[in-house]
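S.K.: One structure is given below, represented as structure tokens, and several questions about it will come after.
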Amino acid sequence: MAALTTARRVVIKVGSALLVDRSSGSLRQDWLLTLAEDVARLKAQGKDVILVSSGSIALGRGVLGLPSAELPLEQSQAAAAVGQIRLARAYEEVLAPHGITTAQVLVTLEDSENRRRYLNSRATLETLIGLGAVPIVNENDTIATDEIRYGDNDRLAAQVAVTVEADVLILLSDVDGFYSANPALDAGAKRFDRIDTITPEIEAMAGDGVSGLSKGGMITKLLAAKMATAAGCAMAITEGSVMSPVRALEEGAPSTWFTAQGDPQVARKRWIAAMKTRGVITIDEGAATALANGNSLLPAGVRHVEGDFGRGEPLAILGPDGRKLGQGLSRYTAEEARAIQGHRSAEIEDILGYAGRAALIHRDDMTL
Numbered sequence: 001m002a003a004l005t006t007a008r009r010v011v012i013k014v015g016s017a018l019l020v021d022r023s024s025g026s027l028r029q030d031w032l033l034t035l036a037e038d039v040a041r042l043k044a045q046g047k048d049v050i051l052v053s054s055g056s057i058a059l060g061r062g063v064l065g066l067p068s069a070e071l072p073l074e075q076s077q078a079a080a081a082v083g084q085i086r087l088a089r090a091y092e093e094v095l096a097p098h099g100i101t102t103a104q105v106l107v108t109l110e111d112s113e114n115r116r117r118y119l120n121s122r123a124t125l126e127t128l129i130g131l132g133a134v135p136i137v138n139e140n141d142t143i144a145t146d147e148i149r150y151g152d153n154d155r156l157a158a159q160v161a162v163t164v165e166a167d168v169l170i171l172l173s174d175v176d177g178f179y180s181a182n183p184a185l186d187a188g189a190k191r192f193d194r195i196d197t198i199t200p201e202i203e204a205m206a207g208d209g210v211s212g213l214s215k216g217g218m219i220t221k222l223l224a225a226k227m228a229t230a231a232g233c234a235m236a237i238t239e240g241s242v243m244s245p246v247r248a249l250e251e252g253a254p255s256t257w258f259t260a261q262g263d264p265q266v267a268r269k270r271w272i273a274a275m276k277t278r279g280v281i282t283i284d285e286g287a288a289t290a291l292a293n294g295n296s297l298l299p300a301g302v303r304h305v306e307g308d309f310g311r312g313e314p315l316a317i318l319g320p321d322g323r324k325l326g327q328g329l330s331r332y333t334a335e336e337a338r339a340i341q342g343h344r345s346a347e348i349e350d351i352l353g354y355a356g357r358a359a360l361i362h363r364d365d366m367t368l
């Protein structure tokens, strides 16, 4: 609970079973209105909020008259195409009265695994958050294949939390926490209030989901917890079907909290530091001083570029004396970096033919 009180950035995952009434296939509008109030309250506290929301397939299947049973891939993609429009509009309509702008961001799990796509996703999300918007992230089910059959938004939510360096990830679920066994099948199952370490014994307790709409079971939630907590993000599992579910969590509703392992920014820096570099950039004295003062690396301060690397790949940063100062993720390819080295950021568009990013390596993607 303390993590939520002091959090700077919060990711909230919303499952299909919470958004869509199972019997009618329609949106639970009254519930969504109270979730919007939760988001507005968090924003008023100065927190950044990102929503990772399922529901496009569940909404679309109702509109298209498809059965509630497991759908073939093509029908799932068709349902997602119809449902995505309705899902985005639903969030827009409930958040707009609070003066909150929404943005739809469609991704797949591999967007977080490919470094170039990862940087693009991160830059988009950071820009939206910086402009005060609430991103509504969903898996791009209209084009996904394996993601629809085996993917889950628990893991996607964790990857989003890692990408934006969130302090807290809240999984609004159809159960009120992590249990020693499936509570739907075992009346003696015990709920854990707090888990500091995910041990093999804890992993063995995870069962499968019991909902007909949501795909994520406890196994996927544990995977999400391992990913999030390792990156310094605390995670909570709580019952999401109640009205104002985040407020309920704040007021002590039953839940399980997974303890963060350190600070998200520190964890990210460790991840970057552990990467094998694909190139080398030598910088001048002025740039070295700027980096020491916490600034990003601009092309003007680059003297030499070595290696063959792509966007998002790790580079070693050398000072004018050849000593390694640190490393970071490049926002340009090797060819582009060579073309703009020594030039002011304002000249990038004339050199490359498009308006690139001002920094060659942003300070958030760098460890010294």
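So the sequence shown is residues 1 to 368, counted in the UniProt record's numbering.
Note that the Cβ used here is the ideal one computed from N, Cα and C, for glycine as well.
Keep in mind that this is a model prediction, so the values were computed, not measured.
#1: Once the 5 residues before and after G307 are set aside, which same chain residues still bring their CB inside 7 Å of it?
#2: Unbroken alpha helix (DSSP H) runs of length 4 or more, entirely within the stretch 317-350: which are they?
#3: Pull up the distance between the alpha-carbon of D350 and that of E165, whole angstroms please.
#4: In angstroms with no decimal places, state the Cα-to-Cα distance between V14 and A181.
#5: Starting from the C-beta of D263, find all residues in its chain whose C-beta is less than 6 Å away, skip the five residues before and the five after it, and write them out in chain order.
#6: Classify D48 as helix, strand or coil using the three-state DSSP reduction.
#7: What is the residue span of the beta strand (DSSP E) that R311 lies within?
#8: Just verifying my parser: in three-state terms, what is the DSSP assignment at T163?
#9: Could you tell me whether the stretch 15-25 touches the stretch 69-82, where touching means 3 or more Cβ pairs closer than 8 Å?
#10: Whether or not the stretch 51-64 and the stretch 118-129 are in contact is what I'm after, with contact meaning three or more pairs of Cβ atoms, one per stretch, closer than 8 Å; do they touch?
#11: Quick one: Cα of Y150 to Cα of S53, how far?
#12: In the DSSP assignment, what residue or residues form a beta bridge with Q104?
#13: Report the residue from S255, L87, R28 and A290 whose alpha carbon sits nearest the alpha carbon of R194.
#14: Is it true that the stretch 294-311 meets the stretch 259-275, where meeting means three or more beta-carbon pairs spaced less than 8 Å apart?
#15: Going by CA-CA distance only, name the one from T34, R89, R41 and T124 that's closest to S56.
#16: Could I get the ranges of all uninterrupted alpha helix (DSSP H) runs contained in the stretch 211-247, with 4 residues as the minimum, in chain order?
#17: Just to confirm my understanding: we take S173, look at its own chain, exclude 5 residues before and 5 after, and list those with CB closer than 6 Å. What are they?
#18: Where do the N-terminal and C-terminal ends of the alpha helix (DSSP H) with G62 fall, by residue?
#19: With a threshold of 7 Å on Cβ separation, who are the neighbours of L95 within its own chain once the five nearest residues in sequence on each side are excluded?
#20: Between the Cα of G294 and those of D365, M235, G353 and T259, spot the shortest distance and give me the residue it belongs to.
#21: Quick check: the Cα distance between P299 and A123, rounded to an integer number of angstroms?
#22: Which ranges would you report for the alpha helix (DSSP H) in the stretch 267-305 if only whole runs of at least 4 residues count?
#23: How big is the Cα-Cα spacing for V175 and A288?
#24: What residues in its chain sit with their C-beta under 7 Å from that of G132, if we drop five residues either side in the sequence?
#25: According to DSSP, what are the bridge partners of V82?
#26: Please report the Cβ distance between V137 and V160, rounded to the nearest whole angstrom; I am assuming they are in contact, meaning their Cβ atoms lie under 8 Å.
#27: So, helix, strand or coil for A359, using DSSP?
#28: Give the straight-line distance between the Cα atoms of E42 and H343, rounded to the nearest whole angstrom.
M.R.: Well, looking at it:
#1: Take G307, set aside five residues on each side of it, and the residues of its chain with a beta-carbon closer than 7 Å to its own are R278, G279, V280 and A334, in chain order.
#2: Within the stretch 317-350, the complete alpha helix (DSSP H) runs of at least 4 residues are 334-340.
#3: The alpha-carbon atoms of D350 and E165 are separated by roughly 33 Å.
#4: Answer to the nearest angstrom: the Cα atoms are 23 Å apart.
#5: Hits under 6 Å: G232.
#6: In the structure shown, D48 sits in a strand (DSSP, three-state: E or B).
#7: Looking at the DSSP string, R311 is not in any beta strand (DSSP E), and its letter there is neither H nor E.
#8: T163 sits in a helix when the DSSP states are folded into three classes.
#9: No, the stretch 15-25 is not in contact with the stretch 69-82.
#10: Counting Cβ pairs under 8 Å, fewer than three are found: no touch.
#11: Unreliable placement is indicated for Y150, whose pLDDT of 35 sits below 50; no coordinate value is reported for it.
#12: BP columns for Q104 point to I136.
#13: For R194, the closest alpha carbon among the candidates S255, L87, R28 and A290 is that of S255.
#14: Taking a cut-off of 8 Å for Cβ pairs, the stretch 294-311 and the stretch 259-275 do not touch, as fewer than three such pairs fall below it.
#15: When each option's Cα is compared against that of S56, the closest is R89.
#16: As far as the stretch 211-247 is concerned, its whole alpha helix (DSSP H) runs of at least 4 residues are 218-230.
#17: Within its own chain, the residues whose Cβ lies closer than 6 Å to the Cβ of S173, once the five positions on either side in sequence are excluded, are I237 and G240, listed in chain order.
#18: Taken as a continuous stretch (DSSP letters only), the alpha helix (DSSP H) holding G62 covers S56 to L64.
#19: The beta carbon of L95 sits closer than 7 Å to the beta carbons of A36, V39, T102 and V134 from its chain, once the five residues preceding and following it are set aside; these are given in chain order.
#20: When only C-alpha atoms are compared, the closest one is D365.
#21: Their backbone Cα atoms lie some 18 Å apart in a straight line.
#22: If only uninterrupted alpha helix (DSSP H) runs of at least 4 residues are considered, those enclosed by the stretch 267-305 are 285-292.
#23: One C-alpha to the other measures close to 52 Å.
#24: Cβ neighbours of G132 beyond the five flanking positions: T101.
#25: BP columns for V82 are empty, so no partner.
#26: Sure, about 5 Å apart at Cβ, within 8 Å.
#27: When secondary structure is reduced to three states using DSSP, A359 falls in the coil class, being assigned neither helix nor strand.
#28: The residue you asked about is not Glu; residue 42 is Leu in the sequence shown. Using only the alpha carbons, I get a separation of about 42 Å.
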